[in-house]
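Everything on this sheet refers to the single structure shown next.
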Amino acid sequence: MSQSCHDSTLSGSPSSGRKILIIGPPNSGKSQIFSNLTGEYTLIANYPFSTISIKQAPCSIPDGACEMFDTPGIYSLFIQSEEGAAVRDMIFSGKVDVLLQCIDATRLKQSLALTAELLELGIPMVIALNAVDESARKGLWIDAEKLSRILGVPVVESIAVKGVGTNRLKKAIEKAKPPKQTVRFGDMLENAVSSIEPLFPEVVRYKRKMALLMLLTDSYIEGYLEKITEKNVLAQITDTVNDIVQKFRGNPARLIRYTYSQWVDNTFNEITKKQMASENKFSENAARLCRSPLSGSLILIAILITTYLLVVHVANSFADIMKILFWSPVEEWLNASIDSSFWKDFLTGKYGVLNLGVASALLTVLPILSVFFILYSILEDVGYIPNLSVLSKRVFNKIGLSGETILPMVLGFGCKTMATLTAKTIMSQKERYIAIFLIAFAIPCAPQIGLSMSVLGKFGITAFVISFSILLAVEVVTGLILNKMIREDRKSLFVQMLPPIRMPNLKNIWRKTYNRLYEFLIEAFPIFIFAALALFTLDRFGVLEKVKIFLSPLVTGFLGLPLDMVEALILVMATRSLSVVVISDLAEKGQLDIVQCIIAVTLTTMFFPCFANIGSITKQLGVKRTGIIVFAITASSLLIAGGTNWVLRLIFKL
Amino acid sequence: MKSRLEKDEYLEALWCMQEDGKTSMADMKCELEKDLDSEALDMLVDEDMAKFSADKSGIALTEKGAAHARRIIRAHRLAERLMYDAMGMGMDFEKGACEFEHIISDVLVNSICIMLGHPKECPHGLPIPPGDCCINSVTTIESAVTPLSDMKIGQSARIAYMNCGEDHEMHRLNGLQIRPGSTIKLHQTYPSFVVECEGSNIAIDEEIAHHICVWQLGATKAPSHTVEVEAPKKQGILNKLFKK
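Chains A and B supply the protein sequences, listed in that same order. Going by the working numbering, the first residue of the first sequence is number 451, and it counts up by one from there. Going by the working numbering, the first residue of the second sequence is number 781, and it counts up by one from there.
Next comes the structure, spelled out in structure tokens:
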């Protein structure tokens, strides 16, 4: 890590220095470079759109302090999604002093296409030519100096994952200057542009770019212009543009694209040499195996089984040992030295702060999550996860979901909140709604998978397989129903960039796992303690008892669960991990049979989305629709659990 | 009528007007970029190719005229496609195409269409009226351009053109450098198409794979019978597509 200053706050305080925006195509290493430059950790993953909102952090460069911004990936300034629009609006606001474009050397043309558009803005630029090691391995030699000469801006070679080039990049930011080249179009287009440009009022910056975007019929540009121009002026501009497009022989959008592409090809040919080097066969072959139906399914099953074995056997025994080593002596000592039964209860009782709050967080949940997060971070770093979208495509198509929904939903197995935010990239309203609903419903998030595995593992792999099959069936059926219920014709396209399979980087995995656990502790630890306190209080005042009596027909009758499960259901609303701890305790005490355990786990997976998830849903769909979703999920999860209980009892003859 | 050439030119203009939903004389003047010859117009009406509106301020194609114009436009736009893609003339193909369209026969036009794999749009992005060959989706060994979906796994090819129906599809693919001129390699076709283009692996829908048309490399080397064996199955898919 480089020199960094953690002390100043992240909130938009009036900046002490220049504003530097890191920009580039998805999965090109922007977040890694951001992290290298600022020392600030952001989630870095080997898949596109791992960054979904603009992040900001201070950074010190040799000539003083500056503000660094990390952005979601964009391919072009022609925008097709909301988070892309946010990036562009920030550039257009005129507050950006330096653009740091991150070029992925292995996908040079993709990045150069964005460069071609950025040149038009005339903002001082620096280019980080990233992943030069991988491109070299692929046999592509890139002349960074020549690129720098052509564009007239500094170009720095870097290998961001290994932290190579960070200091040179800092020095280059000082030398950032406006590019000296812009892409010129043919007469027809140049005339069109120059007749639109003067129509924009003074406040509009980058008029040439605006004119081009109007000609490309960018769907977000009018919204942007509406905010800063008067209505009649904008109407006049759109009229002129429409008129020009009408009279234009052919499609101006195609011509503009064509010209950019020509520039990209020419530049590419000038700065690169192809050598007959050995290709990276490992990566190719590994990716192919992960994606093809047969070997892909086998690999997926192998990953699941490995995870299961590690979580159930290694993590669980680890948790047990920790409990014996750290908790039992403390508990004994406390019980021996405290006389007051109230305090005994308060600290080490069933709902004791130390017992339910501290011990379960640190000794039960943490070991399991550590193991699970290590595995998940490896999969993420290797770039495995997006390949699942190829494998599962047909299943999604059957539910009526096409392309774009796949990645957000697959990411739901990591964190539902993140996945819901990623759903912003889905263009079709209908599919976005269905995806958000399905993510909130029966997809277990990473901590939940880990913890559920550890509980179900107590009953053997059958319990695990049944539970996850139920959840899968629920998702498929819900998808089918929603698809029938909501009508919309717009079809979305499946175009999914697949990251290269990389060998896992130990340092990255360590950082990722550490940060995930750290975040979990920071977020969940206080909630654990509050939840323990709340249950303790409810219990003391006899409220818990009354709730249990009130709910007993539902819980013991319909769901066939022991009455103590009420606590787990209450805890679900606070934190899912703690409710799994309760289930785990019940199972250990022998109060649950296999069917009850399956019902308990599936129910708590579906029942009531966590608050962070509800927050992210509200952000996208508004309060009313979020309310409907939460209600629908809670009600149907109870019905499903009841039904499953009935069916499983018949099957297991209990 | 002064000449066949001029008549064709007028019919072409009327077709373009029809595409844009225009009918006035002023529009026609605009389209032709010169003053209208009333004698020529009368001639068209006499031949039942076009009809005036009641007050003579507008003009439109009749059924017969439309059929005629359609053939010329088809030839013109296919010629543009041919010169743009096959001859790599960039954006300077216009002039050639203008002369070309008046001299080639329907059979020749269809042959070009088959060779180019039934393109749906000219390089400007204007629709090419489909001919019989497109409707029956004739694929023969001579097709130099085929949809990506007909490629074999592991094959590489250069993209000739793309039949993107909508602009947003074009922009999406363009961002990933899937565009005419790029080299594309097919990795996988099931459960989803996976291609490699300019360094990145990209998963795409089957439908998009039909839209991307590539130059067949070494098509002549391929044994003819394999192509014939495959033809019926592919035709089914293509037929479905075109019927949409």
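All C-beta atoms, glycine included, are put in the ideal place defined by N, C-alpha and C.
message: What ranges does the alpha helix (DSSP H) occupy inside the region 632 to 690 of chain A, keeping only unbroken runs of at least 4 residues that lie completely in it?
response: Counting only runs of 4 or more residues that sit fully inside the region 632 to 690 of chain A, the alpha helix (DSSP H) segments are 637 to 646, 657 to 665, 671 to 678, in chain order.
- request: Compare the Cα-Cα distances from I470 of chain A to each of A:I623, A:V582, A:S820 and report the closest residue.
  value: When A:I623, A:V582, A:S820 are compared, the shortest CA-CA separation from I470 of chain A is found for A:I623.
message: Between R784 of chain B and chain A, is the shortest Cβ-Cβ distance under 8 Å, so that the two count as touching?
response: The beta carbon of R784 of chain B does not come within 8 Å of any beta carbon belonging to chain A, so the residue lies off that interface.
query: Whose Cβ in chain B lies nearer than 7 Å to the Cβ of P522 of chain A?
result: Listed along the chain, the chain B residues whose CB falls inside 7 Å of the CB of P522 of chain A amount to none; the nearest CB is some 14 Å away.
message: Helix, strand or coil, according to DSSP, for A999 of chain B in the structure here?
response: Annotation note: pLDDT 43 at A999 of chain B (below 50); position unreliable, coordinate value reported separately. It is coil, neither helix nor strand.
Cβ neighbours of V1031 of chain A in the same chain (closer than 6 Å, five flanking residues each side left out): The answer, listed in chain order, is S810, T814.
message: I'd like to check one pair, K588 of chain A with T616 of chain A: are the Cβ atoms closer than 8 Å?
response: No Cβ-Cβ contact shorter than 8 Å links T616 of chain A with K588 of chain A.
task: Could you tell me whether the Cβ of A1002 of chain B comes closer than 8 Å to any Cβ of chain A?
output: With a pLDDT of 35 at A1002 of chain B, under the threshold of 50, the modelled position of that residue is not reliable, and the figure given next carries that caveat. A1002 of chain B does not count as touching chain A.
field: Start-end ranges of the alpha helix (DSSP H) lying completely within the region 847 to 934 of chain A, minimum 4 residues
entry: 856 to 861, 866 to 872, 879 to 890, 896 to 906, all fully within the region 847 to 934 of chain A.
message: So that I know if they touch, is there some Cβ in chain B lying closer than 8 Å to that of T875 of chain A?
response: Chain B contact via Cβ: absent.
message: Counting only Cβ pairs nearer than 8 Å, list the residues of chain B close to Y497 of chain A.
response: In chain order: nothing, as chain B lies at least about 12 Å away.
message: To test your reading of the DSSP string, which unbroken alpha helix (DSSP H) runs of 4 or more residues are found completely within the region 995 to 1028 of chain A?
response: Taken in chain order, the complete alpha helix (DSSP H) segments of 4 residues or longer contained in the region 995 to 1028 of chain A are 1015 to 1024.
- prompt: Taking Cβ to Cβ, would you say C993 of chain B is nearer than 8 Å to P899 of chain B?
  reply: Taking 8 Å as the Cβ cut-off, C993 of chain B and P899 of chain B qualify as a contacting pair.
task: Express the C-alpha separation of K620 of chain A and G419 of chain A in angstroms, rounding to a whole number.
output: The question about residue 419 of chain A has no answer, for chain A in this structure spans 451 to 1104.
query: In the region 936 to 948 of chain B, which residues sit with their C-beta less than 8 Å from some C-beta in chain A, listed in chain order?
result: Those would be D947, H948, in chain order.
task: Using a cut-off of 7 Å between C-beta atoms, extract the partners of K1156 of chain A located in chain B.
output: Not covered by the structure: residue 1156 of chain A. The range shown for chain A is 451 to 1104.
message: Among the candidates B:H991, B:I988, B:P907, whose CA atom is the shortest distance from the CA of H856 of chain B?
response: Cα-wise, what sits closest to H856 of chain B is B:P907.
Where the beta strand (DSSP E) through G514 of chain A begins and ends: Run containing G514 of chain A: 514 to 520, per the beta strand (DSSP E) assignment.
task: Give the DSSP bridge partners of F832 of chain B, in chain order.
output: DSSP output for F832 of chain B lists B:I839 as bridge partner(s).
- prompt: Are the C-beta atoms of Y970 of chain B and some chain A residue less than 8 Å apart?
  reply: So, interface residue.
- prompt: Are A1018 of chain A and T1054 of chain A closer than 8 Å when you measure CB to CB?
  reply: The Cβ-Cβ distance between A1018 of chain A and T1054 of chain A falls below 8 Å.
- request: Return no unless some Cβ of chain B is closer than 8 Å to the Cβ of N641 of chain A.
  value: Any Cβ of chain B closer than 8 Å to the Cβ of N641 of chain A would place that residue at the interface, and such an atom is absent.
task: Keeping to the same chain, check which residues put their C-beta closer than 6 Å to that of A999 of chain B; ignore five residues upstream and five downstream.
output: Annotation note: pLDDT 43 at A999 of chain B (below 50); position unreliable, no value reported.
query: Do we get a CB-CB distance below 8 Å when we pair Q957 of chain B with the residues of chain A?
result: True, the Cβ-Cβ gap to chain A drops below 8 Å.
- prompt: Are the Cβ atoms of Y801 of chain A and L985 of chain A separated by less than 8 Å?
  reply: Here Y801 of chain A is near L985 of chain A, since their CB atoms are less than 8 Å apart.
query: Going by DSSP, what residues sit across from C977 of chain B in a beta bridge?
result: In the DSSP assignment, the residues bridged to C977 of chain B are B:I964, B:S980.
Assigned exposure category for V595 of chain A - 16 Cβ within 10 Å defines buried: Correcting the residue identity first, residue 595 of chain A is Glu in this sequence and not Val. The residue in question, E595 of chain A, is exposed, as its Cβ has fewer than 16 Cβ neighbours within 10 Å.
query: So the beta strand (DSSP E) T722 of chain A belongs to, where does it begin and stop?
result: Where T722 of chain A is concerned, the enclosing beta strand (DSSP E) stretches over 722 to 724.
task: Please list the residues of the region 977 to 998 of chain B that have a C-beta atom closer than 7 Å to any C-beta atom in chain D, keeping them in chain order.
output: Annotation note: the requested chain D is absent from the structure, which comprises protein chains A and B.
message: Between L1100 of chain A and chain B, is the shortest Cβ-Cβ distance under 8 Å, so that the two count as touching?
response: Contact with chain B is absent for L1100 of chain A, since none of that chain's Cβ atoms lies less than 8 Å from the residue's Cβ.
message: Rounded to the nearest angstrom, what separates I524 of chain A and V606 of chain A at their Cα positions?
response: Their Cα atoms are separated by approximately 21 Å.
- request: Could you list which residues in chain A have their beta carbon closer than 8 Å to that of H856 of chain B, in chain order?
  value: Under the 8 Å cutoff, chain A gives no residues; its nearest Cβ is about 12 Å from H856 of chain B.
task: Kindly list, in the order they appear in chain B, the residues whose Cβ is closer than 8 Å to that of G929 of chain A.
output: What G929 of chain A touches in chain B: nothing, since even the nearest Cβ is about 17 Å away.
- prompt: Can a CB atom of chain B be found closer than 8 Å to the CB of V953 of chain A?
  reply: This sequence places Met at residue 953 of chain A; Val is not what is there. Interface with chain B (8 Å Cβ-Cβ cutoff): M953 of chain A is excluded.
- prompt: Would you call Q946 of chain A buried or exposed, if buried means 16 or more other Cβ atoms sit within 10 Å of its Cβ?
  reply: Answer is buried; the Cβ neighbour count reaches 16.
task: Out of A:L851, A:E647, A:S669, point me to the one whose CA is closest to I687 of chain A's CA.
output: Nearest C-alpha to I687 of chain A among A:L851, A:E647, A:S669: A:E647.
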